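Numbering (UniProt numbering), first residue to last: 1 to 230.
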């Protein structure tokens with residue numbers, strides 16, 4: 001991308017890095033939570049469902065502030081992580097990945113949950129009657145059927161993580177080359193005279209990535225529906 005300056009390319013590269021780690025890091029938990037919400041019956045299920053979807057309805061700045069007072073270097077959890085593992089999240093790219101993961105988590109869980117709910121429970125029951133354990137049933141029956149839904153959810157979460165702004169800038173600020181992602185770079189360019197051209201280029205990159213992710217997600221969702229119906 002020679003048409004991007006080093007600063008613009010750094011923002012794109014960091015956004016890709018943040019979105020990738022946010023998606024990969026939260027995917028196992030998203031599968032477990034989606035499975036619990038789709039198949040589980042336990043006290044507090046509605047509370048868990050509400051907590052999962054809370055980032056969608058809270059102002060992103062509120063989510064970022066809650067992360068800051070929880071994972072800041074002097075905050076309870078943040079101090080523990082720093083003293084025990086030397087891990088700093090606030091004002092670091094790792095914090096941006098955490099913020100992006102939390103904001104994208106509801107979309108990922110919802111896509112996977114819908115895919116699990118579309119699977120006929122009789123198929124799982126049939127495997128269980130043949131002596132397969134619950135883990136084996138999930139690995140050999142449920143997982144192959146919901147895999148396109150998992151991929152679709154991961155793609156949606158990746159796209160959401162790429163575009164996350166409010167929680168990220170509140171938690172990790174907007175430091176060029178360190179925490180400046182695509183949205184924060186666009187915001188920064190719009191604040192200086194003559195920065196509109198750079199902002200427009202990054203907007204184009206953002207739109208292209210988002211549209212590509214949405215098209216891929218829709219295609220995988222249709223494939224999942226056809227696979228389950230077939």
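Glycine included, C-beta positions come from ideal geometry on N, C-alpha and C. In this text the structure is predicted, and so the values were computed from the model without any measurement.
Taking 7 Å as the limit between beta carbons, can you name the residues of its chain near residue 203, skipping five residues before and five after? 186
Answer with buried or exposed for residue 45, where buried requires no fewer than 16 other C-beta atoms within 10 angstroms of its C-beta. exposed
Looking at the unbroken alpha helix (DSSP H) that takes in residue 18, where does it start and where does it end? 6-39
For a test of the three-state rule: what should DSSP assign to residue 90, helix, strand or coil? coil
Does the Cβ-Cβ distance between residue 56 and residue 20 come in under 9 Å? no
Exposure label - residue 158; buried when at least 16 CB within 10 Å: buried
Under the rule that 16 or more other beta-carbon atoms within 10 Å means buried, what is residue 209, buried or exposed? buried
Go through its chain and collect everything with a Cβ distance to residue 96's Cβ below 7 Å, but skip five positions before and after it. 18, 168, 172, 179 and 181
With 16 other Cβ atoms within 10 Å as the buried cut-off, status of residue 184: buried
Say whether the segment 85-101 touches the segment 120-136, bearing in mind that this needs 3 or more beta-carbon pairs closer than 8 Å, one atom from each stretch. no
Taking the C-alpha atoms as reference points, what is the distance between residue 91 and residue 164? 15 Å
Segments assigned alpha helix (DSSP H), at least 4 residues, entirely inside the segment 128-155: 134-137
So what's residue 96 in DSSP terms, helix, strand or just coil? helix
What separation, rounded to the nearest whole angstrom, lies between the Cα atoms of residue 211 and residue 200? 16 Å
Please list the terminal residues of the continuous alpha helix (DSSP H) segment that includes residue 168. 166-172
C-alpha gap between residue 78 and residue 176, whole angstroms: 23 Å
Residue 50 versus 166, 33 and 60, residue with shortest Cα-Cα distance: 33
Apart from the five residues just before and just after residue 53, which ones in its own chain have a Cβ nearer than 6 Å to its Cβ? 106
State the Cα-Cα distance for the pair residue 12 and residue 94, rounded to the nearest angstrom. 16 Å
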